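In what follows, a structure is listed as structure tokens, so that the remarks can point back to it.
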Amino acid sequence: MSAPTNPVTQDSAGFVVELEQFSGPLDLLLHLIHEDEVDITDLPIAKIADQFLAVISELGLNQAADYLEMAARLLRIKAQMLLPRRLGDDEWEDPRAELVRRLLEYQQIRELVEWLGAAAARRAEQFGRGFSPEPPAAPPAPLVIDLNDLLAAAERVIALIPEPVLHRVVPRPLDVEGATARIQALLAARDTFGWGDVVGARSTIVDVLSTFIALLELAKRGALHVHQEGPFAPIQIRRESPREAR
Amino acid sequence: MNPLAKLVEAALFASARPLTVDELLTLDPSAGATAVRAALAELRDAFATGDHGVELIEIAQGWQFLTRREYAEAIDRAQFALRPRRLSPAALETLAIIAYRQPVGRIEVDEIRGVDSGAVIEKLSERGLVEIVTRGEGLGRPLLYGTTPQFLEILGLKDLDELPRLEELSVALRPPAPAELE
Amino acid sequence: MNPLAKLVEAALFASARPLTVDELLTLDPSAGATAVRAALAELRDAFATGDHGVELIEIAQGWQFLTRREYAEAIDRAQFALRPRRLSPAALETLAIIAYRQPVGRIEVDEIRGVDSGAVIEKLSERGLVEIVTRGEGLGRPLLYGTTPQFLEILGLKDLDELPRLEELSVALRPPAPAELE
């Protein structure tokens, strides 16, 4: 079955419902087992594995890691069951044993869930006192700090930090020499050029700083003339001619 | 009604949650636990005659006045009070595991449920139904969770002993039993 | 008590605010205003005998059960005894930062929280939870804060090593490597 092309189709609405229908791969497996009325302890693994794969692909659950992992496990067990074994082999361990144990355990949990759900529903038939008087103001009670609260606060705080590192100063030396060489090459080729010609389109802050310092240094030495029409206007660099002899 | 019973009645009416005998003892420093228990019994009987709309019940290791069941629908319909939000199956599963295995770590819950339960545990913790109770031994000393009095409260249980025993369930499997299937 | 009075008792108990006769009428569509008023009168009388810790009071906006005045003081006192004082979220956050990064300066705390933490640190210091432990290197040699023994005592921890490690927190965190704590 192909995935729905449009996410807002009936298919996807159904998908959400189905997703909520099972609380996990074990729940889905139990559902299949009960539907087929097969014995958990003697699980017809080949049949169940095929059904499991069919259902998760149908529901689009084959995108969910937990379901995929279970699918892989089922296929592995299925393969192991096909391996020949000698009759009366005491060493043979049923490859289904671990899965069966988990299923039984999970089935027990489901039974408890029903019990808990019923208890909660029954309790919900009774209402407690709705009105709570204003808590009395004043005298300080002993201070209580709950470890959970402190941890929650730590989590909130850490969530605020994009990187937990505060100020990590990374030594990234400016490459003034390289920039100077670049400018000198340009000076040799052209009489004038712009700022953009020196730093290029994708310049880092380090490139910009290096180039700027190199420009200032060269201007000071009288190798070039830096000119800007106005604030924020493009910087024009002109070769200083005639060259000064030093 | 004896004076202590009236004071206890007032205190229980003033509280939105169950109060334990220990908490009620702070009302009157001169009263002992026996007197408080007698007052609670007197109150319970006074409201138990079926001649009241509320009753005094023992819940979450304490005592609380609650409206009688038969009035739930009318109060709900008139919207004078809200019913608690129902818990999702995933939340109930996680609660069941934590209730029976406590103190229990997240990894164990994940393993039993077959899915990541971190978000569910966090929700349950926010709702005050589970809390970190201690830390486990071993690698990383994991945080271990247990249920709170509020868990008992939303289920209407006196204490954890009122949960069904595992051997009473139709699927008989005692907690960690990896050896049993062999 | 007549059945309507019991229903009204339950509704008034469960409601967070006083209810008017009109509102109470929605409880039972078959009952009229006269019947509701009679039920209220019956209830008021039943609780007015002085044999109860609560009474039914008519106030501007309707009817409400309130605890009798003479018990107010005892209940307030008990609430003091029960109600633990808690730290505000801001204080907890600041405390968490100081606990995990100590010794740490105010500027660092400000930067992590994104707000000025001076007042909060001062409060925590007044409460004896944090204290100046040393001075930092560098510009102005800033005061560095750490937690006090009282902080451990309130949390019930033997020492700071018992604080849960950050990687155990449920949210996926990128805990600072030890070298970055400086």
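From first to last, the protein sequence lines are chains A, B and C. Per our numbering, the very first residue in the first sequence carries number 1; after that it's consecutive. Per our numbering, the very first residue in the second sequence carries number 1001; after that it's consecutive. Per our numbering, the very first residue in the third sequence carries number 2001; after that it's consecutive. In this text, a Cβ means the ideal position worked out from N, Cα and C, and glycines have one as well. All values derive from a computational prediction rather than experimental measurement.
Check	Outcome
Could you give the uninterrupted runs of the beta strand (DSSP E) lying entirely in the segment 184-245 of chain A, keeping only those of 3 residues or more?	192-194, 224-228, 235-239
Look at the alpha carbon of glycine 2136(C) and the alpha carbon of glutamate 2111(C), and state the distance between them as a whole number of angstroms.	16 Å
Does the Cβ of leucine 2155(C) lie closer than 7 Å to at least one heavy atom of the ligand PLP?	For the structure depicted, the ligand PLP is absent and the ligand set is empty, with no information on it obtainable.
Enumerate in chain order the residues of its own chain whose CB-to-CB distance from methionine 1(A) is below 7 Å, with the five nearest sequence positions on each side excluded.	Unreliable placement is indicated for methionine 1(A), whose pLDDT of 40 sits below 50; no coordinate value is reported for it.
Let me check one thing: in DSSP terms, what residues is glutamate 1058(B) bridge-paired to?	Trp1063(B)
In whole angstroms, what separates the C-alpha of asparagine 6(A) from that of glutamate 69(A)?	At asparagine 6(A) the pLDDT is 36, less than 50, meaning the model places this residue with poor confidence; the figure from the coordinates comes in the next sentence. Roughly 27 Å between the two C-alpha positions.
Can you find a C-beta in chain A that's less than 8 Å from the C-beta of glutamate 1131(B)?	yes
Do alanine 2011(C) and phenylalanine 1080(B) have their C-beta atoms closer together than 8 Å?	yes
Decide if the segment 115-125 of chain A is in contact with the segment 2057-2064 of chain C; the criterion is three or more beta carbon pairs, one per stretch, under 8 Å apart.	no
If you draw a straight line from the C-alpha of leucine 1092(B) to the C-alpha of valine 113(A), how long is it?	6 Å
Exposed or buried, valine 1036(B), counting other C-beta atoms within 10 Å across all chains shown (16 or more means buried)?	buried
Which class does arginine 1213(B) belong to by DSSP, given the choice of helix, strand or coil?	Nothing about residue 1213(B) can be reported from this structure: the residues present for chain B run from 1001 to 1182 only.
For serine 32(A), decide whether its Cβ has a neighbour in chain B, counting only Cβ atoms nearer than 8 Å.	Looking at the sequence provided, one finds leucine at residue 32(A) rather than serine. So, not an interface residue.
DSSP beta-bridge partners for arginine 2135(C)?	Leu2143(C)
Hey, is arginine 156(A)'s beta-carbon within less than 8 Å of any beta-carbon in chain C?	yes
Is any beta-carbon of chain A found at less than 8 Å from that of leucine 1181(B)?	Confidence is the limiting factor: at leucine 1181(B) the pLDDT is only 38, short of 50, which leaves the residue's position unreliable, though a coordinate-based value still follows. Closer than 8 Å to some Cβ of chain A, the Cβ of leucine 1181(B) qualifies, so yes.
Closer than 8 Å, CB to CB, is aspartate 149(A) near chain C or not?	yes
Would you call the CB atoms of phenylalanine 2013(C) and phenylalanine 2065(C) closer than 8 Å?	yes
According to the Cβ coordinates, are valine 176(A) and leucine 186(A) closer than 8 Å?	no
Which same chain residues, not among the five before or five after alanine 245(A), have their C-beta less than 8 Å away from its C-beta?	Note that alanine 245(A) scores a pLDDT of 44, beneath 50, so its modelled location is shaky; the value from the coordinates is reported in the next line. Nothing meets the Cβ criterion.
Once DSSP output is grouped into helix, strand and coil, what is the label at threonine 1114(B)?	The sequence shown places glycine at residue 1114(B), rather than the threonine named in the question. Glycine 1114(B) falls in the coil class under three-state DSSP.
Along the chain, where does the alpha helix (DSSP H) that runs through threonine 1034(B) open and close?	1033-1047
Pick from His2052(C), Leu2160(C), Ile2107(C): whose alpha carbon is nearest that of glycine 2140(C)?	Ile2107(C)
Quick check: is the beta carbon of alanine 153(A) nearer than 8 Å to any beta carbon in chain C?	yes
Ignore the nearest five residues each way along the sequence and tell me which others in arginine 1068(B)'s own chain have a CB closer than 7 Å to its CB.	Gly1053, Val1054, Glu1055
Tell me which residues share the same chain as threonine 2104(C) and place their Cβ nearer than 7 Å to its Cβ, disregarding the 5 neighbours each side in the sequence.	Before going on, a small fix: residue 2104(C) reads as valine here, not threonine. Excluding residues within five positions, the ones whose Cβ falls inside 7 Å are Ile2097, Ile2098, Leu2144, Tyr2145.
Distance, Cα to Cα, isoleucine 2029(C) vs arginine 1077(B)?	A small correction: the amino acid at residue 2029(C) is proline; isoleucine does not occupy that position in the sequence shown. Computed Cα separation, rounded: 11 Å.
Is it true that the CB of isoleucine 48(A) sits closer than 8 Å to the CB of valine 100(A)?	no
Which chain B residues are close to valine 2104(C), counting only those with a beta carbon under 8 Å from its beta carbon?	Going along chain B, no residue has its Cβ under 8 Å from valine 2104(C), so there is no contact; the nearest lies around 24 Å.
Find the nearest neighbour of glycine 117(A) within the set Lys1158(B), Leu1163(B), Arg1127(B), judged by alpha-carbon distance.	Leu1163(B)
Rounded C-beta distance between leucine 26(A) and isoleucine 45(A)? I'm assuming under 8 Å.	No, leucine 26(A) and isoleucine 45(A) are not in contact; Cβ-Cβ is about 15 Å, not under 8 Å.
On the criterion of 16 or more Cβ atoms from any shown chain inside 10 Å, does tryptophan 92(A) qualify as buried, or is it exposed?	exposed
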